[in-house]
Amino acid sequence: MLIAVIVALAVGTYAFRVAGVLLRDRLDLPTWARQLLPVGAAALLAALAATAALTEVGRFAGWARPAGVLVGVLLAWRRAPFVLVVVAAAGTAALLRLLGVP
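Mind the numbering: the sequence shown is residues 300 to 401 in my numbering, read in order.
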């Protein structure tokens, strides 16, 4: 059963990608819609990142995780090396949890 669900999702994903390529010239979107598509993709990605950073099992994840994410975002914004960003973010969250911050 699980394999069938995975295969169905894979086929659906591939079909969406192929449909985009095949229907690209046939579908004429208004200019305003073409300008909103990249913004919509960025908004969905930001919403996914915020949900992952702030929630766990449908509830607030505590203050340690968002603090770690904030440290990671600040270091990435300052163009720190990727390894440093990951280690600093994880270290911040771990240190706060060690100190008893949920």
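Just so it is clear, CB atoms sit at the ideal spot from N, CA and C, and this is done for glycine as well.
Note that the coordinates shown come from a computational prediction; the quantities given were computed from them, not determined experimentally.
- Cβ contact annotation for residue 363 (same chain, cutoff 6 Å, sequence separation greater than five): 392, 395, 396 and 400, in chain order.
- The three-state reading of DSSP puts residue 358 in strand, counting E and B together.
- Separation of the CB atoms of residue 365 and residue 352 is rounded to 6 Å, and the pair is thereby assigned contact status at 8 Å.
- For residue 400, there is no enclosing alpha helix (DSSP H), as DSSP marks it with neither H nor E.
- Counting C-beta atoms within 10 angstroms of its own C-beta, residue 388 has 16 or more neighbours from the protein chains shown and is therefore classed as buried.
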